[in-house]
Structure formats: structure tokens, C-alpha cells
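Sequence positions in the sequence shown follow numbering that gives the first Met the number 0 and run 0 to 92. Okay, so here's the structure we're looking at.
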Amino acid sequence: MTKKRKSGGRSKGAKGKGGMVQCSACGRLVPADKVKKETKYLTLIDPTLARELRKEGTFIPRQRTTKNYCVSCAVHRGRVKIRSKADRKTKSY
């Protein structure tokens with residue numbers, strides 16, 4: 000059978016077997032190096048109040064939340080765009 004991608008869609012390299020992670024949307028088990036990550040920083044303070052406090056030099060703590068999506072959920076939510084065959088060959092970063 001033909002192979003679509005040299006990497007198999009993963010960023011594993013020569014690391015051996017990687018762990019599995021659950022998709023945050025559908026719960027599917029996905030290899031950790033294939034998953035699409037989305038990191039957001041959340042704060043409990045209102046943005047306008049936070050801006051004023053930052054002007055005064057106050058440190059505002061924020062919490063980092065990371066969501067892992069399988070490829071199909073990432074495409075469905077718009078985190079990853081569907082590219083043509085020619086565009087897939089080029090690096091897009």
C-alpha cells in the first residue's frame with residue numbers, strides 16, 4: 000500500500016513508542032506526538048481591570064489550560080485547515 004506521508008503524520012522521530020492521549024472533544028485515544036494541542040491562558044480578573052492593574056505594575060496570575068484534539072476534531076473545529084495535495088508538500092509554519 001502507498002504511504003501518504005513520510006512521517007506518518009507524527010512528530011515522533013527516532014524516539015520509539017510514544018504514549019497515548021485522549022482527545023478533549025471526542026475521547027478518542029491518539030498518539031501524543033500526533034495530537035493537535037491548543038493552549039489558552041485564563042485569568043479570573045476582568046480584562047479592563049487587568050489592563051489597569053498591569054499599568055500599575057501588578058503581577059496578574061493566569062492559568063494555562065491545554066486541550067488535545069485528534070485530527071478529525073481539530074479539522075472540525077477549525078484548528079487545522081484542509082490543504083490541497085500540493086500545499087501539503089510545503090511546510091506551513
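Each residue gets a CB set at the ideal place from its N, CA and C atoms; glycine is no exception. Quantities reported herein were computed from a predicted structural model and do not represent experimental measurements.
*So with Cβ pairs under 7 Å, would you call Pro-60 a contact of chain C?*
This model lacks chain C altogether, as it is built from one protein chain only.
*Could you give the DSSP three-state label for Leu-52: helix, strand or coil?*
Correct three-state label for Leu-52: helix.
_Reference Ser-23, options Thr-38, Ala-13, Arg-87, closest by Cα_ = Closest by alpha carbon: Thr-38.
*Starting from the C-beta of Arg-63, find all residues in its chain whose C-beta is less than 7 Å away, skip the five residues before and the five after it, and write them out in chain order.*
Counting only Cβ-Cβ distances below 7 Å, and skipping sequence neighbours, we find Thr-38, Tyr-40.
*Go ahead and pull the three-state DSSP assignment for Cys-88.*
According to the sequence displayed, residue 88 carries Lys and not Cys. In the structure shown, Lys-88 sits in a helix (DSSP, three-state: H, G or I).
*For Lys-11, which option in Gly-26, Pro-30, Thr-1, Cys-25 has the closest C-alpha, if you only look at C-alpha atoms?*
For the options Gly-26, Pro-30, Thr-1, Cys-25, the alpha carbon positioned closest to that of Lys-11 is the one of Pro-30.
*asked:* By DSSP's criteria, Lys-66 is part of a beta bridge. Which residues make up the other side?
replied: DSSP links Lys-66 through a beta bridge to Glu-37.
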